Amino acid sequence: MTTTTVEGTTAVSMTTEKPTTSSATRTTEHSVSLMSKRQLIPQAGLWTTKSTIRNTVNVSVLQPGSLRSLSDVKFESVGAISLINDNGRLLLVDTGAASDMERLLQTITVDLVDMFVFTLLLVKGVHIYVYVRSNPVVNAWLVTSVLLFVLHVICIFADWYGILRERPLWMIPKIVLKTVTVFVFMCATPLIAYLLWDDSNVVQFLVTQNTNLEYHASRSTIVIGGSVLIILFTLFTALQVWLLLVLLDCFNLIQARHEQRLIDKCCNLAKESVTLDEIDTVVITHGHPGHMGNMNFFGRKPILFHTMEYVGRQVTPTELKDRPYRKLSTNVEVWRTPGHTQHDLSVLVHNVPGYGSMVIVGDLIPSEEFLAEKTDVMTDEGVWDSAIKRQNANLVICMADWVIPGHGQPFRVLPHYRQKAGCTRLAQQRLLSIH
1 MTTTTVEGTT AVSMTTEKPT TSSATRTTEH SVSLMSKRQL IPQAGLWTTK
51 STIRNTVNVS VLQPGSLRSL SDVKFESVGA ISLINDNGRL LLVDTGAASD
101 MERLLQTITV DLVDMFVFTL LLVKGVHIYV YVRSNPVVNA WLVTSVLLFV
151 LHVICIFADW YGILRERPLW MIPKIVLKTV TVFVFMCATP LIAYLLWDDS
201 NVVQFLVTQN TNLEYHASRS TIVIGGSVLI ILFTLFTALQ VWLLLVLLDC
251 FNLIQARHEQ RLIDKCCNLA KESVTLDEID TVVITHGHPG HMGNMNFFGR
301 KPILFHTMEY VGRQVTPTEL KDRPYRKLST NVEVWRTPGH TQHDLSVLVH
351 NVPGYGSMVI VGDLIPSEEF LAEKTDVMTD EGVWDSAIKR QNANLVICMA
401 DWVIPGHGQP FRVLPHYRQK AGCTRLAQQR LLSIH
């Protein structure tokens, strides 16, 4: 047996003596057949480790990667989630995007603005009520301010719960209340304009209480101050309309996520009969939120990320620090393939029935267009090194028959993809080095 190492990877070639039994004859014929096949397909076995053991291997794409268009002309990056079953050993590659956190931050902004505004209105209503107790307009202002403040506090907690649990129905009270708030302020603006035109004492008090003007100030001063008040109410109404649109956008995304989760539960998880507790290892291809956002669900599982392995609170270095790959199970290897980021990983799965070798690459190859049209849809996120990314993309293309990209549908490695990647040239160089 002769062992040759090419770029840190061990390739094994076998030679046998002339057999003396029929069993040995069949073994020799099988070996010659394998060698002939490798000569016909020189890239077969290129940069791969021992993969002769054939057992039950299954790869399931629980969530294809995608780029979702948001209402503000931005994109939400959602990475692929893949499950590998290697003879009962379950490995999860990437955990998807925790997009609910982004939506939570948006709604927190909305809620903080609401709390500030309605606290200010409540304080102002109490202040005016202290001086003008018998005026019905002031009483209505105070009652409305108190009700809106209390209802907003209740709806804020319901809104946060709905986002964290991905239950869109819990967001509806907040949306309804926000709609009512917009309606109230749209009605209040013309009401204040009417009171100003009618020369109401309430408007005079609102305008002059914080100035040095006498109570019976000139009409022009009242009109100017009242006009400023109307402008402020108009701007606030526009702000409330914008915040309502933000809430509706968050609700639509949560609703879509909730429906997708139900579909996944019925079509994927139920089909695979897998629970979170049954996952043995989690591999994160790189540290962007779209691929590791839900990693907190696997806090008690071994998590492989670049040169470190996380087990609970313990962090230990792995072999990837000193070599390009690590064998995770009989048919599964994890490879260090920097390019999109400095710490990209790719997972290579051998002997998948009907598919051959499959590789899960994260954003190293974001979609098939990266190979077919040389278009990188992830340029907005930035690329650590374009040349190294293309080089490592060629590497995995030469190793695999199928590719599961980070933001596209799985695709077959076509012959012209291998030709563009230079697999034939590299394989010939390898054969020359062996001989």
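Quick note: the UniProt record's numbering has the sequence shown finishing at residue 435, numbered continuously throughout. The beta carbon of each residue, even a glycine, is placed where N, CA and C say it ideally should be. Source: prediction; values computed, not measured.
Residue range of the beta strand (DSSP E) that residue i falls in?
i: residue 399; result: No beta strand (DSSP E) contains residue 399, which is instead part of the alpha helix (DSSP H) from 386–399.
i: residue 459; result: With the chain covering 1 to 435 only, the question about residue 459 has no answer from this structure.
i: residue 441; result: For residue 441 there is no data in the structure shown, the boundaries of the chain being 1 and 435.
i: residue 356; result: 356–362
i: residue 335; result: 332–336
i: residue 328; result: Where residue 328 is concerned, there is no enclosing beta strand (DSSP E), given that its DSSP letter is neither H nor E.
i: residue 281; result: 281–284
i: residue 84; result: 81–86
i: residue 58; result: 57–63
i: residue 92; result: 89–93
i: residue 402; result: 402–405
i: residue 343; result: Careful: residue 343 lies outside any beta strand (DSSP E) and carries neither H nor E.
Terminal residues of the continuous alpha helix (DSSP H) containing residue i?
i: residue 370; result: 369–372
i: residue 291; result: 289–292
Hey, how far is the Cα of residue i from the Cα of residue j?
i: residue 371; j: residue 345; result: 19 Å
i: residue 58; j: residue 180; result: 53 Å
i: residue 285; j: residue 356; result: 21 Å
i: residue 302; j: residue 79; result: 20 Å
i: residue 165; j: residue 119; result: 28 Å
i: residue 419; j: residue 64; result: 27 Å
i: residue 283; j: residue 160; result: 30 Å
i: residue 288; j: residue 305; result: 12 Å
i: residue 85; j: residue 393; result: 24 Å
i: residue 125; j: residue 188; result: 14 Å
i: residue 136; j: residue 255; result: 42 Å
i: residue 140; j: residue 247; result: 28 Å
i: residue 243; j: residue 62; result: 34 Å
i: residue 329; j: residue 359; result: 15 Å
i: residue 291; j: residue 90; result: 18 Å
i: residue 129; j: residue 115; result: 21 Å
i: residue 44; j: residue 157; result: Low confidence applies here, because residue 44 scores a pLDDT of 36, under 50, leaving its location unreliable; read the following figure in that light. Distance between the alpha carbons of residue 44 and residue 157: 58 Å.
i: residue 398; j: residue 324; result: 15 Å
i: residue 412; j: residue 171; result: 42 Å
i: residue 153; j: residue 353; result: 56 Å
i: residue 48; j: residue 342; result: Unreliable placement is indicated for residue 48, whose pLDDT of 37 sits below 50; the coordinate value is still reported in the next sentence. Spanning the two alpha carbons is a distance of roughly 22 Å.
i: residue 113; j: residue 185; result: 15 Å
i: residue 253; j: residue 190; result: 35 Å
i: residue 424; j: residue 274; result: 40 Å
i: residue 183; j: residue 334; result: 57 Å
i: residue 281; j: residue 364; result: 21 Å
i: residue 327; j: residue 87; result: 15 Å
i: residue 194; j: residue 238; result: 20 Å
i: residue 155; j: residue 249; result: 17 Å
For residue i, does the count of other Cβ atoms within 10 angstroms reach 16, so buried, or fall short, so exposed?
i: residue 400; result: buried
i: residue 348; result: buried
i: residue 277; result: exposed
i: residue 336; result: buried
i: residue 35; result: The predicted model places residue 35 with a pLDDT of 36, which falls under 50 and marks its position as unreliable; any figure quoted below should be read in that light. Classification for residue 35: exposed.
i: residue 18; result: Reliability fails at residue 18, whose pLDDT of 36 lies under 50, so the model's placement of it is uncertain and the value that follows must be treated cautiously. Residue 18 comes out exposed.
i: residue 2; result: Caution applies to residue 2, whose pLDDT of 33 falls short of 50 and renders its modelled position unreliable; the model cannot decide the point.
i: residue 421; result: buried
i: residue 56; result: exposed
i: residue 331; result: buried
i: residue 228; result: exposed
i: residue 299; result: exposed
i: residue 123; result: exposed
i: residue 350; result: buried
i: residue 417; result: buried
i: residue 414; result: exposed
i: residue 176; result: exposed
i: residue 362; result: buried
i: residue 407; result: buried
i: residue 178; result: buried
i: residue 245; result: exposed
i: residue 174; result: buried
i: residue 143; result: exposed
Please state whether the Cβ-Cβ distance between residue i and residue j is less than 9 Å.
i: residue 162; j: residue 294; result: no
i: residue 192; j: residue 233; result: yes
i: residue 366; j: residue 405; result: yes
i: residue 60; j: residue 82; result: yes
i: residue 368; j: residue 396; result: no
i: residue 92; j: residue 231; result: no
i: residue 148; j: residue 121; result: yes
i: residue 168; j: residue 297; result: no
**Study point:** Validate contact between the region 384–392 and the region 328–342 using beta carbons, cut 8 Å, 3 pairs
**Key:** The region 384–392 is in contact with the region 328–342.
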